[in-house]
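Novice: The structure's right below; bear with me while I get my questions together.
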Amino acid sequence: MTCSSCLAQFGRMGKRLDGPARFPAKLTLPKRKRAPCRAPAPRMNRAAAGLEERRVLEDNTPHLDTPPAPVVVSYGGGTNSTALLIGMVERGEPVDLILFADTGGERPDTYEYVRRFSKWLAARDYPSITVVWSVTKNGDRLTLEQRSLGRGMLPSKAYGYSKCSLRFKRDPQNKFVNNWPPAQGRWRNGGKVVKAIGFDADEPGRASRMRSVVDPKYLYVYPLIEWQWGREECEEVIRRAGLPQPGKSSCFFCPSMKPPEILALARCYPDLAARALALEDAARPGLKGTMRGLGRDWAWSDFLKADRLQQKMFKQPMSEACACFDGWNDPAEDRRRLAALLPVVR
Ligand code: SF4
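The working numbering applies: residue 9 is where the sequence shown begins, and numbers increase by one.
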């Protein structure tokens with residue numbers, strides 16, 4: 009039997025307590041609205057998203073008065089990390105530090121976007137974006153373009169490695185956090201700094217690799233996966249915030265750029281395209297085997313000289329995206345980096 013008060017309480021949800029329930033003959037359920045920014049994306053469980061680990065860590069916190077773990081976001085200037093920060097602002101989630109590593113080779117529109125988004129964050133009482141960069145042993149600023157020209161080499165992505173993003177994006181951010189007092193305090197107390205990573209729910213491959221990551225300093229969390237936001241939802245939330253789409257952010261000479269992006273670069277920023285070709289020229293004498301230039305087995309200079317029909321014959325770069333550093337210290341990447349160095353070390 010179901011008493012009337014239970015019916016009042018549960019009837020609308022159609023919850024059956026015991027025996028045949030005396031629900032109204034026709035139950036009208038309120039229509040469920042589709043939650044904004046929840047897409048039919050590959051599902052990740054909470055443990056995979058790093059959330060269980062975070063809870064366990066918090067439960068094990070030895071003293072109640074231990075300050076909460078500082079939260080760092082690595083901002084890449086692209087769609088995912090922009091949506092990630094907007095989502096955190098919308099939910100009132102704490103963010104203590106936002107870092108953007110400038111390789112010195114971003115496109116002007118990316119720099120402009122970073123400035124604009126930084127103001128947007130500050131206007132909502134969130135930290136503005138801290139820009140960090142690589143320096144030489146003497147402490148002078150070093151850009152990836154300078155380094156490539158100085159060594160007569162292409163960015164390492166052209167040779168199939170990610171050393172350029174590790175050296176010019178990951179290392180300056182890690183160095184900054186290593187000297188950041190809230191992180192130092194946290195590490196002294198045996199805790200970890202929380203790092204929010206902008207892997208989205210459409211990237212199950214990248215997300216599954218994260219399961220094995222145990223970093224002694226950082227605890228990685230993946231809010232976009234937790235919120236089930238794929239690319240579409242990320243773009244939607246940026247629109248909703250009244251901001252323009254950031255577009256792709258990468259170095260203007262990134263070997264992972266696709267032919268249409270190279271053409272757009274030459275059209276919108278001919279000066280930058282000329283600098284990319286100069287970088288290719290400087291590296292040409294050292295290229296071996298099938299390597300021809302920034303397109304790996306083809307040169308950007310040949311591509312840009314070709315007519316429209318010929319341009320269709322140039323291969324797309326192997327990888328979909330440059331997968332440049334997005335805040336995650338990938339141990340497998342470290343191993344690849346080390347393997348790449350070994351012949352030199354010997
Ligand atoms: S954008 Fe491309 S060239 Fe620049 S650091 Fe990343 S992988 Fe290297």
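Don't be surprised by glycine CBs; every beta carbon is placed ideally from N, CA and C.
(1) Quick one: what does DSSP say ASP104 is sitting in, helix, strand or coil?
(2) Near ARG132, which residues of its chain fall below 8 Å by C-beta distance, leaving aside the five closest residues on each side in sequence?
(3) Pick helix, strand or coil for VAL222, following the three-state DSSP scheme.
(4) By alpha-carbon positions, which one of LEU227, TYR83, GLU101, ALA282 ends up nearest to ARG123?
(5) Any contact between the region 263–270 and the region 291–311? By contact I mean 3 or more CB pairs, one from each, below 8 Å.
(6) Let me confirm a value: ALA329 is counted as buried when at least 16 other C-beta atoms fall within 10 Å, else exposed. Which label applies?
(7) Buried or exposed for PRO224, going by 16 or more other Cβ atoms inside 10 Å?
(8) So, do the region 147–162 and the region 106–117 have three or more beta carbon pairs nearer to each other than 8 Å?
(9) Counting pairs of Cβ atoms below 8 Å between the region 192–212 and the region 88–96, do you hit three or more?
(10) According to the neighbour-count rule (16 or more other Cβ atoms, all chains shown, within 10 Å of its Cβ), is GLY250 buried or exposed?
(11) For the beta strand (DSSP E) containing LYS203, list its first residue and its last residue.
(12) Need the endpoints of the beta strand (DSSP E) that VAL185 sits in, please.
(13) Of the choices ARG247, VAL103, LYS200, whose alpha-carbon is the least far from that of VAL222?
(14) Please give the ranges of any beta strand (DSSP E) in the region 94–177, keeping only runs that are unbroken, at least 3 residues long and fully inside the region.
Specialist: Looking at the coordinates:
(1) Along the sequence shown, one-based indexing puts residue 104 at 96. DSSP, read as helix, strand or coil, puts ASP104 in coil.
(2) Indexing the sequence shown from 1 puts residue 132 at position 124. If the five residues before and after ARG132 are omitted, its C-beta is found closer than 8 Å to the C-beta atoms of VAL97, all from its own chain and listed in chain order.
(3) Position 214 of the sequence shown, counted from the first residue, corresponds to residue 222. VAL222: coil per DSSP, three-state reduction.
(4) One-based indexing of the sequence shown puts residue 123 at position 115. Taking ARG123 as reference, the option from LEU227, TYR83, GLU101, ALA282 with the minimal CA-CA separation is TYR83.
(5) Under the three-pair Cβ rule at 8 Å, the region 263–270 counts as touching the region 291–311.
(6) Locating residue 329 in the sequence shown gives position 321, where the first residue counts as 1. Any answer about ALA329 is weak, because its pLDDT of 46 lies below 50 and its placement is not dependable; what the coordinates show is given next. ALA329 is exposed by the Cβ-count criterion.
(7) Looking up residue 224 in the sequence shown gives position 216. It is exposed - the Cβ of PRO224 has fewer than 16 other Cβ atoms within 10 Å.
(8) The answer is yes - the region 106–117 touches the region 147–162, with three or more Cβ pairs under 8 Å.
(9) The region 192–212 makes contact with the region 88–96; the number of CB pairs closer than 8 Å reaches 3 or more.
(10) Numbered from its first residue, the sequence shown carries residue 250 at position 242. Under this definition GLY250 is an exposed residue.
(11) For this step, residue 203 is matched to residue 195 along the sequence shown. Run containing LYS203: 201–204, per the beta strand (DSSP E) assignment.
(12) What you label residue 185 is simply residue 177 of the sequence shown in a count that begins at 1. It is not in any beta strand (DSSP E) - VAL185 instead sits in the alpha helix (DSSP H) that spans 179–186.
(13) Working through the sequence shown from its first residue, we reach residue 222 at position 214. With distances taken between CA atoms, VAL222 lies nearest to LYS200 out of ARG247, VAL103, LYS200.
(14) List check, beta strand (DSSP E) in window: 105–109, 138–140.
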